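A quick write-up on the structure given underneath.
Protein chains: 4
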Amino acid sequence: MNATVKETKDLIMEAAIFLFNTKGYDGTGVRDIAKKANVNPANISYYFKGKKGLLEACLIQFFEGYLACLEEKVFLLETLPPDECLKQGLKSILSFQRENHLLTRFVWREVSIDSQISREIIASYLVKEKYFLHLILEQGIKDGIFANLPESLVMIQLKSMLTMPFLQSQYLREVWHTFPQEKYFVEKYMMMIERWIDSTLCSLLQENRHFDRKII
Amino acid sequence: MNATVKETKDLIMEAAIFLFNTKGYDGTGVRDIAKKANVNPANISYYFKGKKGLLEACLIQFFEGYLACLEEKVFLLETLPPDECLKQGLKSILSFQRENHLLTRFVWREVSIDSQISREIIASYLVKEKYFLHLILEQGIKDGIFANLPESLVMIQLKSMLTMPFLQSQYLREVWHTFPQEKYFVEKYMMMIERWIDSTLCSLLQENRHFDRKII
Amino acid sequence: MNATVKETKDLIMEAAIFLFNTKGYDGTGVRDIAKKANVNPANISYYFKGKKGLLEACLIQFFEGYLACLEEKVFLLETLPPDECLKQGLKSILSFQRENHLLTRFVWREVSIDSQISREIIASYLVKEKYFLHLILEQGIKDGIFANLPESLVMIQLKSMLTMPFLQSQYLREVWHTFPQEKYFVEKYMMMIERWIDSTLCSLLQENRHFDRKII
Amino acid sequence: MNATVKETKDLIMEAAIFLFNTKGYDGTGVRDIAKKANVNPANISYYFKGKKGLLEACLIQFFEGYLACLEEKVFLLETLPPDECLKQGLKSILSFQRENHLLTRFVWREVSIDSQISREIIASYLVKEKYFLHLILEQGIKDGIFANLPESLVMIQLKSMLTMPFLQSQYLREVWHTFPQEKYFVEKYMMMIERWIDSTLCSLLQENRHFDRKII
DNA sequence: GATGAATGAGTTTTCATTCAT
DNA sequence: CATGAATGAAAACTCATTCAT
Chain A
1 MNATVKETKD LIMEAAIFLF NTKGYDGTGV RDIAKKANVN PANISYYFKG KKGLLEACLI
61 QFFEGYLACL EEKVFLLETL PPDECLKQGL KSILSFQREN HLLTRFVWRE VSIDSQISRE
121 IIASYLVKEK YFLHLILEQG IKDGIFANLP ESLVMIQLKS MLTMPFLQSQ YLREVWHTFP
181 QEKYFVEKYM MMIERWIDST LCSLLQENRH FDRKII
Chain B
1 MNATVKETKD LIMEAAIFLF NTKGYDGTGV RDIAKKANVN PANISYYFKG KKGLLEACLI
61 QFFEGYLACL EEKVFLLETL PPDECLKQGL KSILSFQREN HLLTRFVWRE VSIDSQISRE
121 IIASYLVKEK YFLHLILEQG IKDGIFANLP ESLVMIQLKS MLTMPFLQSQ YLREVWHTFP
181 QEKYFVEKYM MMIERWIDST LCSLLQENRH FDRKII
Chain C
1 MNATVKETKD LIMEAAIFLF NTKGYDGTGV RDIAKKANVN PANISYYFKG KKGLLEACLI
61 QFFEGYLACL EEKVFLLETL PPDECLKQGL KSILSFQREN HLLTRFVWRE VSIDSQISRE
121 IIASYLVKEK YFLHLILEQG IKDGIFANLP ESLVMIQLKS MLTMPFLQSQ YLREVWHTFP
181 QEKYFVEKYM MMIERWIDST LCSLLQENRH FDRKII
Chain D
1 MNATVKETKD LIMEAAIFLF NTKGYDGTGV RDIAKKANVN PANISYYFKG KKGLLEACLI
61 QFFEGYLACL EEKVFLLETL PPDECLKQGL KSILSFQREN HLLTRFVWRE VSIDSQISRE
121 IIASYLVKEK YFLHLILEQG IKDGIFANLP ESLVMIQLKS MLTMPFLQSQ YLREVWHTFP
181 QEKYFVEKYM MMIERWIDST LCSLLQENRH FDRKII
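Protein chains in written order, with the working numbering: chain A, 1 to 216; chain B, 1 to 216; chain C, 1 to 216; chain D, 1 to 216.
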């Protein structure tokens with residue numbers, strides 16, 4: 001009659017992700033989570049050492065998966081051209097985020113809050129992400145495929161494109177009539193990204209037009 | 001001895017914006033706000049009819065200012081070329097957001113939460129925004145200046161670029177060593193946006209490369 | 001434009017009586033009263049020295065009028081037969097209560113609460129009432145018109161009949177389809193009371209049937 | 001160490017009844033109740049879903065018991081004469097109210113306030129009470145035992161006699177030196193009621209004296 | 001492992017009143 | 001005389017967590 005440990009823990013996380021996404025971390029009560037998961041509230045403290053621990057578990061689950069996508073593709077740098085490598089990495093991340101769209105939205109929102117835990121996350125995970133992107137971009141420039149744009153700007157634009165559909169999903173729905181969780185979302189959205197890569201990142205001709213006198 | 005109404009109300013809003021941004025709406029208590037504003041907690045209910053009313057006041061203040069930036073520039077469509085008009089509009093919004101960067105970050109985060117008020121905001125303000133952008137894009141295409149890209153995709157990319165620096169400001173700091181509130185931020189960031197407009201939105205040659213077989 | 005002192009005071013009392021009756025003394029806020037009276041809440045403290053003072057003013061107004069009805073008729077004992085005197089006194093009270101039915105209901109309810117003020121009221125006003133009734137009943141017995149029933153029981157029954165229609169007005173409405181504030185209420189209700197006086201209080205024959213072995 | 005559920009719930013209700021009676025519903029705080037019951041204030045919300053729920057529980061407890069007294073005796077109509085049946089019913093109610101005299105006083109006072117809950121109570125319970133009384137009175141008239149007085153007036157007088165000692169207990173004390181909770185109260189008070197039944201309700205001779213020209 | 005009763009610290013809000021204007 | 005901004009105390013309630021079972 002009782003669920004096994006595994007099941008209970010997972011039920012809690014699943015409910016937590018849904019509710020954290022819908023109402024925010026602080027806006028969600030452990031009793032709400034417990035009720036949605038059909039378990040006793042005390043179990044949350046038991047399994048996750050409190051609500052904060054539950055949040056931490058969610059964040060870790062997300063970033064582990066997220067970075068795995070990128071790391072996997074960085075290894076292909078030796079065999080694939082950098083632009084292809086970048087495209088595959090971005091696609092992999094988008095797919096991961098699509099599969100975990102509730103978690104994704106919630107995490108990117110939550111790390112914009114200045115809490116201790118989000119500072120820790122940034123200090124560890126985002127630094128890794130930055131390093132992986134750096135490896136790819138560096139290679140692309142060395143190979144003469146990428147324009148020699150300021151790396152920081154490129155990263156920001158990439159990041160922006162990766163997270164935006166999840167953070168502003170209501171805008172997506174309103175404007176594009178598309179949800180990030182839809183079947184063909186990744187393919188549709190990748191076109192936009194690929195277009196950007198081809199026309200802006202790989203556009204060697206125009207590279208100096210804007211950034212000659214770069215004060216950046 | 002007593003502060004005037006204006007002062008008290010403004011002190012509360014200022015404190016609220018700071019704290020809502022730092023700790024999130026639900027993570028902030030009215031007592032925190034009152035303490036920071038150096039006023040009595042009861043004043044919050046007195047002036048704003050409760051915490052929710054205070055949130056609403058923040059949202060309205062933001063979106064009124066935000067839309068005013070855009071509306072003002074749409075009127076210039078008759079005298080300026082659409083790409084110039086778009087650039088000025090975006091720059092105006094960026095400036096507004098820079099001046100209110102705390103409010104901006106907080107608002108874009110909060111509307112991603114599924115609350116009644118955020119649904120109302122979207123229903124009224126975001127629809128207007130969409131309409132203004134539509135007017136500009138339509139004119140640009142008619143004038144043969146903008147590539148005939150799917151309007152929805154363009155809007156999403158624009159929106160993405162406009163909000164990203166504020167929502168992911170920690171990333172900006174980490175990667176670009178730049179804060180949105182800095183003096184030259186708008187000018188620096190506008191280069192990136194202008195580059196995108198010139199090389200992607202106005203690039204007539206390539207327009208069919210990606211979107212021939214558009215399933216979009 | 002401003003109301004005169006008299007008017008403001010009266011407006012407040014009127015509103016207070018209405019609201020105290022509807023929602024009870026503790027259930028009513030001074031701001032509710034002020035809003036209903038269209039005056040500033042500060043005036044209540046100003047004119048009545050606080051909410052408690054307002055309550056006191058209501059109670060005094062009621063009991064002064066109430067006792068005046070009775071006292072007036074007691075003077076007639078010298079010229080009228082006691083039963084007629086009693087009937088007139090009761091009718092006078094009923095009329096007074098009918099004219100002030102909101103106040104009446106509220107007062108009889110409130111004095112059943114064990115507050116300092118209700119104890120004081122009882123100590124002064126109800127003792128007077130008891131004395132007036134005693135004078136009438138005593139005369140009636142001396143004249144051989146009233147049965148020699150225990151005075152206390154008669155008083156209780158009288159009191160019961162006098163207050164019941166106001167305290168249980170919802171029952172009156174439900175059962176009798178009559179409101180105490182109606183035009184003919186006093187006349188209709190007096191029939192019931194007169195019947196009781198004639199058949200029970202003045203019924204000399206049966207008087208010993210029940211109270212022979214009185215343990216009372 | 002912890003009290004069982006039953007105990008805690010009952011402790012709260014007991015304390016609530018005492019305090020609601022003494023200071024009124026709105027005049028009583030949950031903290032007062034909790035302190036008197038020696039439990040944590042949070043338990044009140046836990047067990048009764050808030051102060052309002054506690055009030056509701058009190059009202060229900062009262063009216064369930066109250067109506068049970070009457071219903072039980074109505075069943076005896078087949079074997080007992082109606083006057084006897086009525087007397088037993090009234091005595092049963094008086095006994096119930098004596099045993100719960102604090103609750104009784106508080107409830108009859110509270111339902112005279114125009115709240116949502118009191119309206120609901122009246123709509124359900126008082127209608128039943130009226131129906132039970134109707135059955136008895138109807139039988140009495142059919143049997144030729146009760147005078148054919150207007151049913152509504154009889155009900156009002158009965159109701160008046162039943163509730164008065166509790167609502168005006170301070171008057172009882174002052175005038176009769178008797179408390180409703182005293183041992184012999186019911187017997188003493190029943191004499192008064194029986195006298196009324198015998199001399200007024202069952203008095204066939206006089207029945208038309210007052211109500212000939214009845215406008216009622 | 002799982003429960004639900006119980007808690008104390010915390011929340012937001014309402015209150016009657018005061019006071020400078 | 002009247003106002004309305006401002007206040008501190010108190011209100012009811014919610015919270016995450018604990019613990020005996």
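A virtual CB, placed ideally from N, CA and C, is assigned to each residue, including glycine.
Treat the numbers as computed from the prediction; the structure is a model and nothing was measured.
Under DSSP, the alpha helix (DSSP H) around residue i begins and ends at which residues?
{"i": "residue 185(B)", "result": "185-196"}
{"i": "residue 131(C)", "result": "127-142"}
{"i": "residue 145(C)", "result": "Residue 145(C) -> no alpha helix (DSSP H), and no H or E assigned at all."}
{"i": "residue 94(D)", "result": "82-99"}
{"i": "residue 63(A)", "result": "51-74"}
{"i": "residue 257(C)", "result": "Only positions 1 to 216 of chain C appear in the structure, and residue 257(C) is not among them; the question remains open."}
{"i": "residue 43(C)", "result": "42-48"}
{"i": "residue 120(B)", "result": "116-121"}
Rounded to whole angstroms, how far is the Cβ of residue i from the Cβ of residue j, which I believe are closer than 8 Å?
{"i": "residue 82(A)", "j": "residue 146(A)", "result": "7 Å"}
{"i": "residue 107(D)", "j": "residue 62(D)", "result": "5 Å"}
{"i": "residue 135(D)", "j": "residue 77(D)", "result": "7 Å"}
{"i": "residue 168(C)", "j": "residue 36(D)", "result": "Not a contact, Cβ separation roughly 29 Å."}
{"i": "residue 235(C)", "j": "residue 92(C)", "result": "Lying outside 1 to 216, the shown extent of chain C, residue 235(C) is not represented and no answer is given."}
{"i": "residue 197(D)", "j": "residue 87(D)", "result": "7 Å"}
{"i": "residue 144(D)", "j": "residue 26(C)", "result": "That belief does not hold up - the Cβ atoms of residue 144(D) and residue 26(C) are roughly 51 Å apart, past 8 Å."}
Which value, in whole angstroms, describes the spacing of the CA atoms of residue i and residue j?
{"i": "residue 193(C)", "j": "residue 14(D)", "result": "38 Å"}
{"i": "residue 16(A)", "j": "residue 54(A)", "result": "8 Å"}
{"i": "residue 89(B)", "j": "residue 121(B)", "result": "21 Å"}
{"i": "residue 7(C)", "j": "residue 138(C)", "result": "44 Å"}
{"i": "residue 98(D)", "j": "residue 199(D)", "result": "25 Å"}
{"i": "residue 170(C)", "j": "residue 176(C)", "result": "10 Å"}
{"i": "residue 44(A)", "j": "residue 34(A)", "result": "8 Å"}
{"i": "residue 181(A)", "j": "residue 10(A)", "result": "21 Å"}
{"i": "residue 3(D)", "j": "residue 41(B)", "result": "For residue 3(D), the predicted model reports a pLDDT of 49, less than 50, meaning its position is unreliable; a value from the coordinates is still stated below. Cα to Cα, residue 3(D) sits roughly 38 Å from residue 41(B)."}
{"i": "residue 185(B)", "j": "residue 173(B)", "result": "12 Å"}
{"i": "residue 111(D)", "j": "residue 118(D)", "result": "5 Å"}
{"i": "residue 114(D)", "j": "residue 125(D)", "result": "16 Å"}
{"i": "residue 21(C)", "j": "residue 102(C)", "result": "6 Å"}
{"i": "residue 94(D)", "j": "residue 29(C)", "result": "36 Å"}
{"i": "residue 154(C)", "j": "residue 183(D)", "result": "21 Å"}
{"i": "residue 129(D)", "j": "residue 46(A)", "result": "53 Å"}
{"i": "residue 31(A)", "j": "residue 157(A)", "result": "40 Å"}
{"i": "residue 50(D)", "j": "residue 12(D)", "result": "12 Å"}
{"i": "residue 195(A)", "j": "residue 75(A)", "result": "24 Å"}
{"i": "residue 71(C)", "j": "residue 84(C)", "result": "15 Å"}
So which of the options has the shortest CA-CA distance to residue i?
{"i": "residue 151(B)", "options": "190(B), 132(B), 165(B) and 166(B)", "result": "132(B)"}
{"i": "residue 188(B)", "options": "21(B), 203(B) and 161(B)", "result": "161(B)"}
{"i": "residue 202(D)", "options": "60(D), 92(D), 149(D) and 73(D)", "result": "149(D)"}
{"i": "residue 96(B)", "options": "144(B), 111(B), 64(B) and 39(B)", "result": "64(B)"}
{"i": "residue 109(B)", "options": "127(A), 166(A), 142(A) and 128(A)", "result": "166(A)"}
{"i": "residue 104(D)", "options": "143(D), 163(D) and 84(D)", "result": "163(D)"}
Under 7 Å (Cβ pairs) to chain B, residues found in the segment 26-43 of chain A = 26 and 27
Selection of the segment 165-179 of chain B by Cβ proximity to chain A, strictly under 7 Å = 167, 168, 170, 171, 172, 174, 175 and 176
Which of the residues in the segment 194-205 of chain D, read from start to end, lie with their CB under 7 Å from any CB of chain C?
-> 194, 195, 196, 199, 200 and 203
Contact set between the segment 88-104 of chain B and chain A, restricted to residues whose Cβ is under 7 Å from the partner | none
Taking any Cβ of chain B, which residues in the segment 121-154 of chain A have a Cβ under 7 Å from it, in chain order?
-> 122, 126, 130, 152 and 153
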